[in-house]
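Residue numbers (numbering that gives the first Met the number 0), protein chains in the order written: chain L, 0 to 325; chain A, 0 to 107; chain P, 0 to 117. Below is one structure, written out as structure tokens; the observations come after it.
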Amino acid sequence: MELLIDLVLLAMLALTALRIIFLKDLFAVVMLFSIYSFLSALIFINLDAVDVAFTEAAVGAGISTVLMLGTIAITGRTETPPTKSKLLPLLIVVVTGAALIYGTLDMPPFGHADNPVHEHVAPRYIEESPKEIGLPNMVTSVLASYRGFDTLGETVVVFSAMIGVLSLLRLRKRDADKNPESGIKAHRVLQVIAKIVIPMIILFALYVQFHGDFGPGGGFQAGVIAAAAFILYALVFGLSNVFKVVGPKFLRILAVFGVLLYAGVGVYSMAMGGNFLDYNYLAENPLSGQHYGIILIELGVGITVFAVMLSIFYAFDSQIERANIQ
Amino acid sequence: MLLLDIVSGVLLIFGAFFGLSGAVGLFKFPDFFTRVHAASVTDSIAAILVLSGLILQTNLDLNTAKLLFILIFLLITSPTASHVLAKSARHGGLLSMPEKEQKKEIES
Amino acid sequence: MSFIADYYNYWIVVFLMMTGFYIVISASNLVKKVVGLNIFQTSVFMLYISMGKVKGGTAPILTEGAAQYSNPLPHVLILTAIVVGVATTAVALSLIVRIKEEYGTVEENEFEKKDDAI
Chain L
0 MELLIDLVLL AMLALTALRI IFLKDLFAVV MLFSIYSFLS ALIFINLDAV
50 DVAFTEAAVG AGISTVLMLG TIAITGRTET PPTKSKLLPL LIVVVTGAAL
100 IYGTLDMPPF GHADNPVHEH VAPRYIEESP KEIGLPNMVT SVLASYRGFD
150 TLGETVVVFS AMIGVLSLLR LRKRDADKNP ESGIKAHRVL QVIAKIVIPM
200 IILFALYVQF HGDFGPGGGF QAGVIAAAAF ILYALVFGLS NVFKVVGPKF
250 LRILAVFGVL LYAGVGVYSM AMGGNFLDYN YLAENPLSGQ HYGIILIELG
300 VGITVFAVML SIFYAFDSQI ERANIQ
Chain A
0 MLLLDIVSGV LLIFGAFFGL SGAVGLFKFP DFFTRVHAAS VTDSIAAILV
50 LSGLILQTNL DLNTAKLLFI LIFLLITSPT ASHVLAKSAR HGGLLSMPEK
100 EQKKEIES
Chain P
0 MSFIADYYNY WIVVFLMMTG FYIVISASNL VKKVVGLNIF QTSVFMLYIS
50 MGKVKGGTAP ILTEGAAQYS NPLPHVLILT AIVVGVATTA VALSLIVRIK
100 EEYGTVEENE FEKKDDAI
């Protein structure tokens, strides 16, 4: 049964990707890409990767779609017909694809328990992490504790992406204040529903943040979901109104605070006599030390991801509003 | 337990049927507004049936509560989405099919 | 039949990767190129998660009565990669917005004309 679902979903994914090639309307391309992301989230669930599916549904289908729609609102929604021949790209792709397909025949068969990937490291994570870390969700244990350095690096990458976007696109409070009438004023139903839904989304984000140790979830997903609540508010009630709640300067401070909180936990564990990000030294009992450490760094990740995603959205939205005024 | 299984199976099958009919309608219906109507069948009645079928499969634990929350959330958001879609199309000046025919008759 | 089931996931991954690659090298619109890049990226995610799957296993969250878990390591790598992916996509899209402001177009074949005019 699992195999059948896998076959059907992957075929649908391939068809969606194929359709994107031939569409000239960029709005339809972005919508299809959103469907593509949701389909891949479903496939990830079927392949037992629940945390990954959660992230893909929130990030890939949610935030990327919003950002791409924002971009095509500025750049125009149709692609001009190409002038170059398509023959050479097609030839390159077919040859590369054939070589790769030939290569896959040497891969270990799908899903066998004695494949080389399952021989090293992973058995230790599966058997020891509930005892060493004390958390049921192994993905959170590996993400936050065993591979804490890696996750710190990823958080810094996300943070530097914010610096990149903000240095490319201007984001100033007074640009938004010039246009207080933005937002969707004509849709009364949408405004009422948004007011009901936004607290629910924020509550859900907090649940995902603090329940990530026990079920699917964690800082990355929670940050994105919380940002989605404010993005909804900005879309419905206008940018100048959301700036009154969370301003761009405050977000910059939050983003820095999240990274510093993460790194600070590492420095503190060094001060307590352990290695960098060695949570065993955070408390008398190594197990509770691990718990404190993971909660703190997940909080740091969540705050940074929230601030970065929302700032990036602000930058795009204020760009659109400037374009509308001109 | 057997009765519950049968009821939940029937609900799931009906849910799947409505989902499928919504998809067929999305392709076969002639204009935008009827297509929105077909699509909204999928996320209202089909979602309700599938989720209630799944609720009957749980043993009244945390999963039941989670599925109920999903159901409430969908009942609030998906009609709103359909409404906003149709209203925006209306504001954008899209005409339904009878209106288009009327307009053609007046012009000719 | 088991031959197909053993390699089907990898073939789809290759197909998606090549679709993304084709969009990147053949599309002239920069936004569409970014979409192609994202498809390419997702195909890599799919490869990692496919390799982590164990038949008969469950999600790597400790549950009573579960005999076998899928490999949690690829999940961790891909989870962070998705978030970093959207961050880099955002940088790419903001570059496109700046290009639109400077050149007035985001079509690759029109840049050449603009450059010739300068």
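Glycine residues also receive a C-beta, built at the ideal position from the N, C-alpha and C atoms.
Have a look at P:37, P:13, P:46 and flag the residue whose alpha-carbon is nearest the alpha-carbon of residue 110 of chain L.
-> Comparing Cα-Cα distances from residue 110 of chain L to each of P:37, P:13, P:46, the minimum goes to P:46.
Any contact of the stretch 66-86 of chain L with the stretch 99-106 of chain P, i.e. 3+ C-beta pairs under 8 Å?
-> Here the stretch 66-86 of chain L lies against the stretch 99-106 of chain P, with 3 or more beta-carbon pairs under 8 Å apart.
Chain L partners of residue 75 of chain A, CB-CB under 7 Å?
-> Within chain L, the residues whose beta carbon sits less than 7 Å from that of residue 75 of chain A are 192, 195, 196, listed in sequence order.
Using a Cβ cut-off of 7 Å, pull out every chain L residue sitting near residue 5 of chain P, in sequence order please.
-> Result: 108, 109.
Say whether chain L places a C-beta atom closer than 9 Å to the C-beta of residue 110 of chain A.
-> The structure shown has nothing for residue 110 of chain A, since chain A only spans 0 to 107.
Counted within 10 angstroms of its Cβ, other Cβ atoms place residue 208 of chain L as buried (16 or more) or exposed | Counting the other Cβ atoms within 10 Å of the Cβ of residue 208 of chain L gives 16 or more, which makes it buried.
4 or more residues per run - each alpha helix (DSSP H) lying fully within the stretch 100-136 of chain L | Counting only runs that start and end inside the stretch 100-136 of chain L, the alpha helix (DSSP H) elements of at least 4 residues fall at 121-131.
So which residues on chain A does residue 199 of chain L lean against when the C-beta distance must stay under 8 Å?
-> The contact set of residue 199 of chain L on chain A, defined by CB atoms closer than 8 Å, consists of 72 in chain order.
Please report the Cβ distance between residue 93 of chain L and residue 219 of chain L, rounded to the nearest whole angstrom; I am assuming they are in contact, meaning their Cβ atoms lie under 8 Å.
-> No, residue 93 of chain L and residue 219 of chain L are not in contact; Cβ-Cβ is about 37 Å, not under 8 Å.
Using DSSP with H/G/I as helix, E/B as strand and the rest coil, what is residue 79 of chain L?
-> Secondary structure at residue 79 of chain L: coil, using DSSP grouped into helix, strand and coil.
When DSSP labels each residue in this structure, what does residue 320 of chain L get in the three-state scheme?
-> Reduced to three states, the DSSP call for residue 320 of chain L is helix.
With a cut-off of 9 Å, does the C-beta of residue 186 of chain L fall near any C-beta of chain A?
-> Yes, residue 186 of chain L lies at the interface with chain A (some Cβ there is under 9 Å from its Cβ).
Identify which residue in P:12, P:53, P:6, P:29 has its Cα closest to the Cα of residue 71 of chain P.
-> Out of P:12, P:53, P:6, P:29, P:53 has the C-alpha closest to the C-alpha of residue 71 of chain P.
Expressed to the nearest angstrom, what Euclidean distance is found between the alpha-carbon atoms of residue 55 of chain L and residue 40 of chain L?
-> Each residue's Cα considered, the two are about 6 Å apart.
Residue 113 of chain P CB to nearest chain L CB: under 9 Å?
-> Chain L contact via Cβ: absent.
C-beta neighbour in chain P for residue 36 of chain L, strict 9 Å = At least one chain P Cβ lies under 9 Å of residue 36 of chain L.
In the DSSP assignment, what residue or residues form a beta bridge with residue 68 of chain P?
-> Under DSSP, the beta-bridge partners assigned to residue 68 of chain P are P:57.
What does residue 79 of chain A reach in chain L if we use C-beta pairs closer than 8 Å?
-> In chain order: 188, 189, 192.
So is residue 96 of chain L in contact with chain P if we call contact Cβ pairs under 9 Å?
-> Yes, contact with chain P.
Under 8 Å by Cβ, that's how I've got residue 14 of chain A and residue 49 of chain A pegged, so tell me the actual separation to the nearest angstrom.
-> Between residue 49 of chain A and residue 14 of chain A the Cβ distance is about 4 Å, and since that is below 8 Å, they are a contact.
Name the one or two DSSP bridge partners that residue 104 of chain A has.
-> Note: residue 104 of chain A is not bridge-paired with any residue in the DSSP secondary-structure output.
Specify the secondary structure class of residue 24 of chain L as computed by DSSP and reduced to three states.
-> When secondary structure is reduced to three states using DSSP, residue 24 of chain L falls in the strand class.
Rounded straight-line distance, which links the Cα of residue 99 of chain A to that of residue 214 of chain L | Distance from the CA atom of residue 214 of chain L to the CA atom of residue 99 of chain A, rounded to whole angstroms, is 53 Å.
Where residue 283 of chain L falls: helix, strand or coil (DSSP) | Coil, per DSSP.
Could one say the Cβ of residue 83 of chain A lies closer than 9 Å to chain L's Cβ atoms, at least one of them?
-> By this cut-off, residue 83 of chain A is an interface position.
Coarse secondary structure for residue 63 of chain P, derived from DSSP in three states = Correct three-state label for residue 63 of chain P: coil.
Helix, strand or coil at residue 165 of chain P [DSSP, three-state] = Here chain P comprises residues numbered 0 to 117, so residue 165 of chain P is not present and cannot be evaluated.
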